[in-house]
Amino acid sequence: MPKLIVCRHCDHFSELPLLSCGQKAYCGFCKAPIQAPKTSSTQSVFAFALSALLLLISSLSYEFISFSMGGIKHSVTLLTAIPTLGEHDAKTLAVFLSLFVIVFPSIILATVLVMYSPIWNKVQLSFARRLTKLLTYAEPWNMSEIFLIAILVSLIKLMVLADIELVQAFGHMAVL
């Protein structure tokens, strides 16, 4: 079924047939390109999600922040920060850190990987619905960017007290 479209350049109305990838439509009056369907971005979304998941995993194992105070140097990873918070009567903060910075982003990235993988077309409809609902429920709870902003604000205040160095995992988390 042809669709009616208006040229952005000359305001001429044109009827367009259904175009496939690689085909382009031009205005019949001014010859300006009207529409060019984009190629499938499935592979790029899959690649970005896989890269982000690998960066998240690597940010857990490498040093996140390194600081020295009074000649004593201490490094912190995200995985060692959670038990440390629990030991210092900040169990709620440890739970929030693990859920909002590690668990929910992992769920989102794993779900996106499944949804944009070749197996998605073979998945049963009931499972696909559940996975899509999981993604919509988990997405608002992804707080990794909020965590990075909070870290940066804290670092500005703590730079007066200690020498602080942002190391590999912080960069991985920032790219994520």
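Everything in the sequence shown is counted per the numbering used here, starting at 1035 for the first residue and increasing by one.
C-beta atoms are modelled at their ideal positions from N, C-alpha and C, and glycine is treated no differently.
This structure is a prediction, so every number in the text was calculated from the model and none was measured.
It is roughly 12 angstroms from the alpha-carbon of residue 1159 to the alpha-carbon of residue 1167. Taking each of 1195, 1119, 1112 and 1148 in turn and checking the Cα distance to residue 1137, the smallest one comes out for 1112. Counted as a single uninterrupted DSSP element, the alpha helix (DSSP H) harbouring residue 1179 occupies residues 1178–1192. Apart from the 5 residues on each side of it in sequence, residue 1140 sits with its Cβ closer than 8 angstroms to the Cβ of 1087 and 1090 in its chain, given in chain order. The beta carbons of residue 1169 and residue 1142 sit closer together than 8 angstroms. DSSP, read as helix, strand or coil, puts residue 1122 in coil. Residue environment: residue 1131 is assigned as buried (16 or more neighbouring CB atoms within 10 Å of its CB, all protein chains considered). With distances taken between CA atoms, residue 1102 lies nearest to 1197 out of 1050, 1178, 1209 and 1197. The alpha carbon of residue 1172 has as its nearest neighbour, out of 1049, 1207 and 1144, the alpha carbon of 1144. Around the CB of residue 1116, 16 or more other CB atoms lie within 10 Å, so the residue is classed as buried.
Sequence-distant partners of residue 1175 (beyond 5 residues in either direction) whose C-beta falls short of 8 angstroms from its own C-beta, in its chain, are 1133, 1134 and 1138.
Around the CB of residue 1098, 16 or more other CB atoms lie within 10 Å, so the residue is classed as buried. Under the three-state reduction of DSSP, residue 1171 is assigned to helix. Judged by beta-carbon spacing, residue 1044 lies beyond the 8 angstroms limit of residue 1068, meaning their Cβ atoms are not closer than that value.
Under the three-state reduction of DSSP output, residue 1040 falls in the strand class. In this structure residue 1053 touches residue 1059 by the C-beta definition: roughly 6 angstroms separates them, less than 8 angstroms. Less than 8 angstroms divides the Cβ of residue 1199 from the Cβ of residue 1100.
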